[in-house]
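Participant: Under full-length UniProt numbering, the first residue of the sequence shown carries the number 1, and numbering increases by one thereafter.
Note that beta-carbon positions come from the ideal geometry of N, C-alpha and C, so glycine has one too.
Keep in mind it's a predicted model, so treat the numbers as computed, not measured.
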Amino acid sequence: MVNDAQILSSPNLVVRDAGSRTNDACSVNATVKQLEYKGILWTCGLKEICLAALWLPLGALIFCYVTASIFQADDIHETHCKVYNVVPSISAITGISPQRYVWRMCVAFHLGPRLLIGSLYYNYHKERSQHIVDEKARELATKLGDACYWLNLIELLALTGVTYVSNRENYFVHEKIFIVFMIVALLHMLCRARVGSICSDVVEPVRTNKSVWTLFFVAIAATIGLIIFFLKHRLLCHPLAFTWFSVCEYILATSNMAFHALIVRDLPLHQLQVVGTTPTHIKTN
């Protein structure tokens, strides 16, 4: 007869006490190390970020124009008055499928760096305005710097609206948002040019101020031509009027892109960095 003691003392059974299990757990935990990231994890020049943000809509615009002209020429050259047209509008080449999806994706990735550029210029103008001695000029420069920030934000919202509400989906809303975008973009250029001119003989002048004024006058001329040829097309149905309207629209868009790319000259040495810090451990009793 086999007793209970013989059953519990099987030769294949390894019995460990609580102390040995605790020692094993400690030895396992001793091999686990906590890694804490410190220092600069990632860095990128502001110039590279801004140029990438510029090339996204510009590249998308070129892609839409080329592919639409080759494969969908009848759709993009159709006009309100059914007159002869050579150059399609931006709304026409970005409002058809599949070009609209490429355009929308590129604009979506373009918005983030544009917000960053607006914040950088806000701090840049604020820092510059603090060194203006004359109180009235300093107050005016501060207000213009604030206006630049908010106009940039409204311009981005209008750009988002005119991108995601195409003229084929809702022409009335698309047209009104485009008018808002055009007006705000011109006001943004004017405020940036004006704030750069204030007390430039006392404070270091903005490097790109002359370029901003030049782009502003180019945009004004393109806007005047755009309005004139649009009225000729809509009211008088002149042949090629819509073509010249489209040319003015491309000039306006190009000058706007160049205007926002000027930050690579104003802030050429700035960088965007992701920095890791060591958490502070507070010992409590």
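Where does the unbroken beta strand (DSSP E) through G112 begin, and where does it stop?
Facilitator: The residue given as residue 112 occupies position 112 in the sequence shown. Segment 99 to 129 is the alpha helix (DSSP H) holding G112; no beta strand (DSSP E) there.
Participant: So, at 8 Å on beta carbons, what are the nonlocal neighbours of M257 in its own chain, with the 5 sequence-adjacent residues on each side left out?
Facilitator: As a position in the sequence shown, residue 257 is number 257, starting the count at 1. Cβ neighbours of M257 beyond the five flanking positions: L54, P57, L58.
Participant: Does DSSP put T43 in a helix, a strand or coil?
Facilitator: One-based indexing of the sequence shown puts residue 43 at position 43. In the structure shown, T43 sits in a strand (DSSP, three-state: E or B).
Participant: State the DSSP-derived secondary structure class of V203, mapped to helix, strand or coil.
Facilitator: As a working mapping, residue 203 is identified with position 203 in the sequence shown. V203 falls in the coil class under three-state DSSP.
Participant: Suppose you measure from the CA of L111 to the CA of Y164; what does that come to, to the nearest Å?
Facilitator: Taking the sequence shown and counting its residues from 1, the one referred to as residue 111 is at position 111. Taking the sequence shown and counting its residues from 1, the one referred to as residue 164 is at position 164. Their backbone Cα atoms lie some 13 Å apart in a straight line.
Participant: Which runs of the alpha helix (DSSP H) at least 4 residues long sit entirely within the region 126 to 186? Give them in chain order.
Facilitator: The qualifying runs are 135 to 164.
Participant: Does V86 come out as helix, strand or coil in the three-state DSSP assignment?
Facilitator: As a working note, residue 86 is residue 86 in the sequence shown. Of the three classes helix, strand and coil, the one that applies to V86 here is coil, per DSSP.
Participant: What are the start and end residues of each continuous alpha helix (DSSP H) run of 4 or more residues lying completely inside the region 215 to 278, in chain order?
Facilitator: Here the runs fully enclosed are 241 to 261, 263 to 266.
Participant: What residues in its chain sit with their C-beta under 7 Å from that of S197, if we drop five residues either side in the sequence?
Facilitator: Within the sequence shown, residue 197 is the residue found at index 197, counting from 1. Hits under 7 Å: N209.
Participant: Quick one: residues in its chain with C-beta nearer than 7 Å to the C-beta of L226, no 5 flanking neighbours on either side, listed in chain order?
Facilitator: Residue 226 sits at position 226 when you count from the first residue of the sequence shown. Here the set comprises F245, C248, E249, L252.
Participant: For S129, count neighbouring Cβ atoms within 10 angstroms of its own Cβ and tell me buried if that reaches 16, exposed if not.
Facilitator: On the sequence shown, residue 129 is found 129 positions in, with the first residue counted as 1. Per the 10 Å Cβ criterion, buried.
Participant: Please classify R192: is it buried, with 16 or more other beta-carbons within 10 angstroms of its beta-carbon, or exposed?
Facilitator: Position 192 of the sequence shown holds residue 192. Buried: at least 16 other Cβ atoms inside 10 Å.
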